[in-house]
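The next block holds one structure in the form of structure tokens; read it before the comments.
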Amino acid sequence: MPETPEDLHEALATAVLELDEVLTADLCNKAVALGYDAWTTIEQGLIAGMNRAGKLFDEEEYFVPELLIASDAMYAGLGILRPHISQANTIHGRRVVIGVVQGDTHDIGKNLVRIMLEVAGFEVFDLGRDVPAQAFVDRAVEVNADVIALSTLMTTTMTQMSKVVSILEEGNIRHRFKVIVGGAPLSQQFSDRIGADGYAPKAAQAVQLARQLTGLVNAAA
Amino acid sequence: MAGTSVTTDRRARLLRALAREPNDRPPVICTGGSMSGVPEEVVARSGYSLPEAHLDAAAMAGLALAAARLTGFESVGVPLCTTVEAEVFDVGINLGDAATEARIVQEPYERSADVARLPPGQRMQRGRVGITVEAVRILAATAGDLPIIGNLIGPVSVAASAVRPEAFFRELRTRPAEAHALIEHVVDFEAEFARALVAAGADVIVIHEDTATPALVGPKLFEQAVLPHLHRLTEAIKQTGARVLLHMCGSIERVEQQLDTLRCDGFIPDAAVSVHAFGCSHPQLAVVGNISTFLLHQGQPGQIASLGTRLAADGVHVVSPACGLASATPLANIVALTHAIAGESVP
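Structure (structure tokens):
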């Protein structure tokens, strides 16, 4: 077992990366027992591990099953550490409304992006799947979202995405939201064509895109 | 188009193309299933309606045939959706309408082991299996020289809709024996379904492995968990004498060589795949494709016609959309494609 908080964080990150939910939970319990700061443990351990898994996913070393199992480990650890978070954290408060567009119920990709956005500190409003275009807009207005994130796996439903952009334009509220799109059949050209603010081919890149578009990092970084 | 000479018989032309035999020109087809050629405009002019045609054999066959007549596609295919097999495994379906495709709304199981094991014959009695087989039988009597295509959703994708997909893809790693047992069970049913489709008159069976793709599960898991089952299913279909095609969405780069081990006659790649390169590395497979369905929907007829002509020049054996057609796809765009391939001017 690791001897210092740093060792423990590293072991925890590795446990998440290596998809070991049992070890992740053990290490989180140990951090609590030793009185280590819960927030730092989440950040340096669980989230660091999930980010490493996300990186392997982007590099096509990990695929959907691996990323899902890594997130199970991360959430198991979060469940243990959350009650022990002491001070208010430096959450940036950016909000994302996310969902799979109408006509499509493939939601694995959307769920992966949601996980990675949560890991990056976004407050995520998940509308689920088969979501009508108007519902994205209504919810984004209601929660004063910064970003509307649209997902689809199917070529048949890609056009639902331009419908969301049109509704925003018709309501003269296009400027209030950044619209990002993702999904297997999409491309940057498609995003440009429908007037979205950005496209990301992979989950971690979607997070980077959301961070750029909401001013958390500068676009050139 | 109708004629009696060998060259203009559309079934013979497709079968020659799939055998990679010399042809006067590539046929231009739309398979059905996940590549259903019935956008709104076609449905509106067909005299049939959706979702009703999903539920009635005569209407399903009638709409498929009307679609071929209206579009110029040189095949008829059923079913006109991707949900027939899922429904047989208790999945909740919304049959949609002409504007929105039939789709899965509720996956019933959390674990592979929870799915009841029914004999294939019993599953054949469920949902719209009988309607689909009957539609093929009607087409066999009504479609003349148009080749008939029966469509199956790939067994791993079906398993990943009976069990909630995220749970299922976890199980492929964490409880592989249970996940594999479910896929085996799906293959048993689908082999039976395919035999019934062929007995009813299907010339070609297309397997659409639309969810469990290499891009999603990765090359290693694809080799361990998807390929062996596809192998068994294609083997079973080949024994009926029908031709077998496989479609998978997304990149196939890292599994390309593995595809050669399947007993398929042809492959329908994603629009992003170079058909020329694919054809060169898989000389034993007919290359079917791969018109971007985004272009078909949003492009101009002229662009679509030239893409079709270019694909034909690049050596595709059969011209076809690469994936599912958006329901708002203009009929004029489809007609531009089919006429460009058939060498006719658009009226």
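Going down the list, the protein sequences come from chains A and B. The first sequence begins at 1 in our numbering and counts up by one. The second sequence begins at 222 in our numbering and counts up by one. C-beta atoms are modelled at their ideal positions from N, C-alpha and C, and glycine is treated no differently.
Report task. Give every residue of the same chain whose Cβ lies closer than 6 Å to the Cβ of alanine 196 of chain A, excluding the five residues on either side of it in the sequence, and list them in chain order. Result -> The beta carbon of alanine 196 of chain A is closer than 6 Å to those of Val179, Val181 in its chain, skipping five residues each way along the sequence.
Query raised in the report: How would you write the range of the beta strand (DSSP E) that valine 476 of chain B sits in, first residue to last?
Result: Under the DSSP assignment, valine 476 of chain B falls outside any beta strand (DSSP E); it carries neither an H nor an E label.
Query raised in the report: When the Cα of alanine 334 of chain B is compared with those of B/Ala402, B/Ile250, B/Ser378, which residue comes out closest?
Result: Among B/Ala402, B/Ile250, B/Ser378, the Cα nearest to that of alanine 334 of chain B belongs to B/Ala402.
Query raised in the report: If we cut at 9 Å on Cβ distances, does valine 540 of chain B have a partner in chain A?
Result: Chain A places no beta carbon closer than 9 Å to that of valine 540 of chain B, leaving this residue out of the contacts.
Query raised in the report: Mind checking if alanine 289 of chain B is an interface residue toward chain A, Cβ cutoff 9 Å exclusive?
Result: No, alanine 289 of chain B lies away from the interface with chain A (no Cβ there is under 9 Å from its Cβ).
Report task. Helix, strand or coil for phenylalanine 190 of chain A, going by three-state DSSP, please let me know. Result -> Looking at phenylalanine 190 of chain A - three-state DSSP - the assignment turns out to be helix.
Query - Spatial distance of alanine 223 of chain B from glutamate 295 of chain B (CA atoms) - result: Confidence at alanine 223 of chain B is low in this model, with a pLDDT of 44, below 50, so its placement is unreliable and the value that follows should be read with caution. So the alpha carbons of these two residues sit roughly 11 Å apart.
Report task. Could you have a look at threonine 429 of chain B and say whether DSSP puts it in helix, strand or coil? Result -> Correcting the residue identity first, residue 429 of chain B is histidine in this sequence and not threonine. Note: histidine 429 of chain B maps to strand in three-state DSSP.
Requested in this report: Would you identify the three-state DSSP class for valine 64 of chain A, choosing helix, strand or coil?
Outcome: Valine 64 of chain A falls in the helix class under three-state DSSP.
Requested in this report: Tell whether a beta-carbon distance below 9 Å holds between arginine 114 of chain A and alanine 210 of chain A.
Outcome: Not closer than 9 Å, so no.
Query raised in the report: Which chain B residues sit within Cβ distance under 7 Å of glycine 103 of chain A?
Result: Simply Thr321, Glu322, Arg324.
Query raised in the report: Using a beta-carbon distance below 9 Å, is histidine 518 of chain B in contact with chain A?
Result: Chain A, which has a Cβ nearer than 9 Å to the Cβ of histidine 518 of chain B, makes this yes.
Query raised in the report: Beta-carbon of arginine 396 of chain B versus every beta-carbon of chain A: anything under 9 Å?
Result: No, arginine 396 of chain B lies away from the interface with chain A (no Cβ there is under 9 Å from its Cβ).
**Report entry** Whole-number beta carbon distance between aspartate 366 of chain B and arginine 232 of chain B, since they are thought to touch under 8 Å
**Finding:** Rounded to whole angstroms, the Cβ separation of arginine 232 of chain B and aspartate 366 of chain B is 5 Å, and the two are in contact under 8 Å.
Query raised in the report: What is the DSSP secondary structure of leucine 284 of chain B, reduced to helix, strand or coil?
Result: In the three-state scheme derived from DSSP, where H, G and I count as helix and E and B as strand, leucine 284 of chain B is classed as helix.
Query raised in the report: For valine 207 of chain A, which residues from the same chain have a beta carbon less than 7 Å from its beta carbon, with the 5 sequence-adjacent residues on both sides left out?
Result: Counting only Cβ-Cβ distances below 7 Å, and skipping sequence neighbours, we find Met116, Leu117, Ala120.
Query raised in the report: Is it right to say glycine 501 of chain B is buried, meaning 16 or more other beta carbons lie within 10 angstroms of its own, or is it exposed?
Result: Here the sequence assigns cysteine to residue 501 of chain B, which means glycine is not the residue at that position. That one is exposed.
Report task. Note down the Cα distance separating glutamate 66 of chain A from arginine 391 of chain B, rounded to an integer number of angstroms. Result -> Between the C-alpha atoms of glutamate 66 of chain A and arginine 391 of chain B there is a straight-line separation of about 8 Å.
Query raised in the report: Name the chain B residues whose beta carbon is nearer than 7 Å to that of phenylalanine 136 of chain A?
Result: Listed along the chain, the chain B residues whose CB falls inside 7 Å of the CB of phenylalanine 136 of chain A amount to none; the nearest CB is some 16 Å away.
Query raised in the report: Are the beta-carbon atoms of methionine 281 of chain B and proline 542 of chain B separated by less than 9 Å?
Result: No, these two residues do not count as a Cβ contact at 9 Å.
**Report entry** Backbone CA spacing between glutamate 170 of chain A and aspartate 126 of chain A [nearest angstrom]
**Finding:** Their Cα atoms are separated by approximately 24 Å.
Query raised in the report: Using a Cβ-Cβ cut-off of 7 Å (strictly less than) and excluding sequence neighbours within five positions of isoleucine 42 of chain A, which residues of its own chain qualify?
Result: Within the same chain, isoleucine 42 of chain A has close Cβ partners Leu78, Leu81.
Query raised in the report: For alanine 221 of chain A, does the three-state DSSP call read helix, strand or coil?
Result: Caution is warranted here: a pLDDT of 41 is assigned to alanine 221 of chain A, below 50, making its placement in the model unreliable, and the coordinate value is therefore given only provisionally. Reduced to three states, the DSSP call for alanine 221 of chain A is coil.
Query raised in the report: chain B beta carbons: is any one of them nearer than 9 Å to that of arginine 174 of chain A?
Result: Taking Cβ atoms only, chain B never reaches closer than 9 Å to arginine 174 of chain A, which makes this a no.
Requested in this report: For valine 438 of chain B, go through chain A and note every residue whose CB falls closer than 8 Å to its CB, in chain order.
Outcome: Going along chain A in sequence order, the residues near valine 438 of chain B (Cβ under 8 Å) are Phe63, Val64, Pro65.
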